[in-house]
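Report on the following structure.
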Amino acid sequence: IILVDQNPIGRSPRSNPATYLKIFDAIRSVFADTVDARTRGFTPGHFSFNSEQGQCPHCRGEGMLQIDMQFLADVYMTCDACGGTRYRDEILEVTYRGRNIAEVLQMTAREALVFFRGQGLVQSKLRRLIDVGLDYLRLGQPANTLSGGEAQRLKLAAYTSSSHRGRCLFILDEPTTGLHFNDIVHLLDCFDTLLGLGHSLIVVEHNLQVMKAADYIIDMGPGAGEAGGQIIFEGTPEELAHCPDSITGRFLAQAFADRPA
Numbered sequence: 107i108i109l110v111d112q113n114p115i116g117r118s119p120r121s122n123p124a125t126y127l128k129i130f131d132a133i134r135s136v137f138a139d140t141v142d143a144r145t146r147g148f149t150p151g152h153f154s155f156n157s158e159q160g161q162c163p164h165c166r167g168e169g170m171l172q173i174d175m176q177f178l179a180d181v182y183m184t185c186d187a188c189g190g191t192r193y194r195d196e197i198l199e200v201t202y203r204g205r206n207i208a209e210v211l212q213m214t215a216r217e218a219l220v221f222f223r224g225q226g227l228v229q230s231k232l233r234r235l236i237d238v239g240l241d242y243l244r245l246g247q248p249a250n251t252l253s254g255g256e257a258q259r260l261k262l263a264a265y266t267s268s269s270h271r272g273r274c275l276f277i278l279d280e281p282t283t284g285l286h287f288n289d290i291v292h293l294l295d296c297f298d299t300l301l302g303l304g305h306s307l308i309v310v311e312h313n314l315q316v317m318k319a320a321d322y323i324i325d326m327g328p329g330a331g332e333a334g335g336q337i338i339f340e341g342t343p344e345e346l347a348h349c350p351d352s353i354t355g356r357f358l359a360q361a362f363a364d365r366p367a
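In this text, residue positions in the sequence shown follow our numbering: the first is 107, and each later residue adds one.
Now the structure itself:
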């Protein structure tokens with residue numbers, strides 16, 4: 107049983123979408139396999155800003171320097187040694203198709219998918235980001251800057267690979283909060299992928315778009331908060347739309363009526 111909430115995937119700026127989904131492992135291997143890297147004796151570890159082999163020694167791979175302001179809030183400044191790239195100069199001299207590792211981390215998932223054409227492993231991992239509607243995220247975007255909805259979809263993306271063995275029950279509490287209509291479509295596609303892999307989902311939700319896509323609904327009511335707590339209906343969305351005792355059913359009926367033929 108897995109609870110997928112909107113809590114951050116990591117509070118450290120060292121964590122990002124590429125590291126969370128193991129995309130960065132594959133990308134570092136691509137760089138380490140270049141002629142220049144092999145000539146210099148660089149391994150995949152040299153292309154990690156978390157490794158002493160590759161990180162800028164001045165900021166230790168943070169890209170920023172923390173200035174202690176005593177009684178005031180600390181101030182963060184871009185590292186003047188690496189210019190915020192996080193890497194040693196010799197690491198940035200190694201390029202793949204004209205881009206160094208720091209420049210790749212500034213790419214969005216969509217841009218990286220095109221850039222790494224022919225690299226099947228990298229592309230397969232990138233598609234997991236794109237499939238949950240996060241194609242606009244920069245690969246190196248710090249995890250502590252992601253919204254709750256983005257963090258939640260990243261967690262789901264980690265399970266959209268068939269390499270995860272065993273069937274899981276996912277529990278999600280209002281996953282559409284703050285999402286645009288198009289983002290919800292991507293989220294539902296992600297749900298379908300998980301279901302296709304044999305997983306099951308329990309979703310607590312008020313969004314009609316999600317309700318219409320459900321296989322089975324348990325409607326709680328009749329009101330909210332202390333005025334609720336009773337099971338008003340159990341069944342399919344279509345059956346709920348015809349339930350006279352359900353307030354939710356009335357709105358769902360209208361949603362079905364507005365659906366294009």
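Glycine included, every Cβ here is placed at the ideal spot set by N, Cα and C.
According to the DSSP secondary-structure assignment, V309 is paired through a beta bridge with L278. For G327, the pairing in a beta bridge is given by DSSP as Q336.
Counting C-beta atoms within 10 angstroms of its own C-beta, E344 has fewer than 16 neighbours from the protein chains shown and is therefore classed as exposed. Here Q172 is exposed, its C-beta having fewer than 16 other C-beta atoms within 10 Å.
A contact is defined here as three or more CB-CB pairs under 8 Å, and the stretch 210-224 fails this definition with respect to the stretch 156-164. Contact annotation: E311 and T282 have beta-carbon atoms nearer than 9 Å. For the pair L293 and G239, the CB atoms are nearer than the 9 Å cut-off. A distance below 8 Å between beta-carbons, with the five flanking residues on each side excluded, links E196 to the following residues of its chain, in chain order: R146. Scanning its chain for C-beta atoms nearer than 8 Å, with the 5 sequence neighbours on each side dropped, one finds around Y126 the residues I115, G116, A249, L260 and A264, in chain order. For D351, the closest C-alpha among the options A333, E332 and G327 is that of G327. Here L278 is buried: its Cβ has 16 or more other Cβ atoms, across all protein chains shown, within 10 Å.
In the DSSP assignment, R205 is bridged to Y202. The three-state reading of DSSP puts G284 in coil, since its state is none of H, G, I, E or B.
Of all alpha-carbon atoms in M175, G284, Y322 and I133, the one lying nearest the alpha-carbon of F221 is that of I133. The beta-bridge partner set that DSSP reports for L109 consists of I277. By the criterion of a C-beta distance shorter than 7 Å, Y193 is surrounded in its chain by F155, G160, Q161, C162, I207 and A208, once the five residues flanking it on both sides are discounted. In the DSSP assignment, M317 falls within the unbroken alpha helix (DSSP H) covering L314 to A319. For A138, the closest C-alpha among the options T201, N113 and M175 is that of T201. In the three-state reduction of the DSSP assignment, I133 falls in the helix class, which pools H, G and I.
For Y182, the enclosing beta strand (DSSP E) begins and ends at V181 to T184.
Y193 is bridged by DSSP to Q161. Nearest neighbour of V228 by Cα position, chosen from F177, V136, L109 and Q360, turns out to be V136.
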